[in-house]
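**Student:** Residue numbers (this note's numbering), protein chains in the order written: chain A, 1 to 112; chain E, 1001 to 1111.
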Amino acid sequence: DVKVTQSSRYLVKRTGEKVFLECVQDMDHENMFWYRQDPGLGLRLIYFSYDVKMKEKGDIPEGYSVSREKKERFSLILESASTNQTSMYLCASSPSKAVEQYFGPGTRLTVT
Amino acid sequence: GESVGLHLPTLSVQEGDNSIINCAYSNSASDYFIWYKQESGKGPQFIIDIRSNMDKRQGQRVTVLLNKTVKHLSLQIAATQPGDSAVYFCAEMGGSYIPTFGRGTSLIVHP
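Listed below in structure tokens is the structure:
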């Protein structure tokens, strides 16, 4: 079975802090994604990567950056956390185009 | 951009009934469709998919129907069980890396 793991289930940070969310997948998938999920807004794509050291902006990249130094790991960085970044963050991976994504359990981030 | 929508935000059924969750999509270029299940506190989990060259696909207790004429997708769950209680999302893709997700329907199964 594909396993996507995220470094934390719950995280509480203060406004202005730099925040790192880590995601690791163990199935040698090419593509990795970061979403945030908010009530009433569904899943919104922040960034994705289709190869090591490659990254593409999604629908809401402002305030975020990403890093993919190794194929199995995709990090989401909040350079200076703000309260409007309080959300559930979901990482996903997929082996190729136009196939299903495999999601991690999510990180619920609260910025105070 | 194109949107994927759901007709009902909440569906309540009795255990043992069949459930039908609907999804409308608007991008006629989409050729791949997926249903996900998200249980409380967990990430979405793949249930079943269908490509546009098919109009029906069956899995274990689940069936997905695709009507390209009216751009409609449905998920049927047979003999619904309490463990089926979750939020169900549809997603569409047009040959790219990026799916467009619907906002989800909450399925509540009463014992």
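Note that the Cβ used here is the ideal one computed from N, Cα and C, for glycine as well. Here the structure is a predicted model, which is why all the values come from computation and not from measurement.
1) Of all the residues that make up the segment 85 to 99 of chain A, which are near chain E by a beta-carbon distance shorter than 7 angstroms?
2) Please say whether A/Lys53 and A/Val66 have beta carbons closer to each other than 8 angstroms?
3) Let me check one thing: in DSSP terms, what residues is E/Ser1019 bridge-paired to?
4) Threshold first: 3 residues or longer. Then list the beta strand (DSSP E) segments lying entirely within the segment 57 to 98 of chain A, N to C.
5) Taking only beta carbons into account, state which residues of the segment 46 to 59 of chain A come closer than 9 angstroms to chain E, listed in chain order.
6) Excluding the 5 residues preceding and the 5 following E/Ser1003 in the sequence, name in chain order all residues of the same chain whose CB lies nearer than 6 angstroms to its CB.
7) In angstroms with no decimal places, state the Cα-to-Cα distance between A/Arg50 and A/Leu41.
8) Quick test of the definition: if touching needs 3 or more C-beta pairs under 8 angstroms, does the segment 1013 to 1025 of chain E touch the segment 1065 to 1084 of chain E?
9) Count the C-beta pairs between the segment 22 to 40 of chain A and the segment 89 to 99 of chain A that are closer than 8 angstroms, then say yes if the count reaches three, no if not.
10) Cβ of A/Thr15 within 8 angstroms of Cβ of A/Thr112?
11) Roughly how far, in whole angstroms, is the beta-carbon of E/Ser1085 from the beta-carbon of E/Ile1108, given that I think they are within contact range, below 8 angstroms?
12) State the Cα-Cα distance for the pair E/Ser1028 and A/Lys13, rounded to the nearest angstrom.
13) Considering only residues of the same chain and omitting the five flanking positions on each side of A/Pro61, which have a CB-CB separation below 7 angstroms?
14) Just verifying my parser: in three-state terms, what is the DSSP assignment at E/Leu1008?
**Tutor:** Judging by the given coordinates:
1) Near chain E, meaning a CB-to-CB distance below 7 angstroms, the residues of the segment 85 to 99 of chain A are Leu90, Lys97, Ala98.
2) no
3) E/Ile1077
4) 64 to 70, 73 to 78, 87 to 94
5) Phe48, Tyr50, Glu56, Gly58, Asp59
6) Per-residue confidence for E/Ser1003 stands at a pLDDT of 42, beneath the threshold of 50, marking its modelled position as unreliable; the derived number appears in the next sentence. Answer for E/Ser1003: Ser1026, listed in chain order.
7) It is Tyr, not Arg, that sits at residue 50 of chain A in the sequence shown. Approximately 25 angstroms, taken between the alpha carbons.
8) yes
9) yes
10) yes
11) 6 angstroms
12) Our two residues, E/Ser1028 and A/Lys13, have alpha carbons roughly 43 angstroms apart in a direct line.
13) Ile46, Tyr47
14) Model confidence at E/Leu1008 stands at a pLDDT of 49, short of 50, so the residue's coordinates are unreliable and nothing is read from them.
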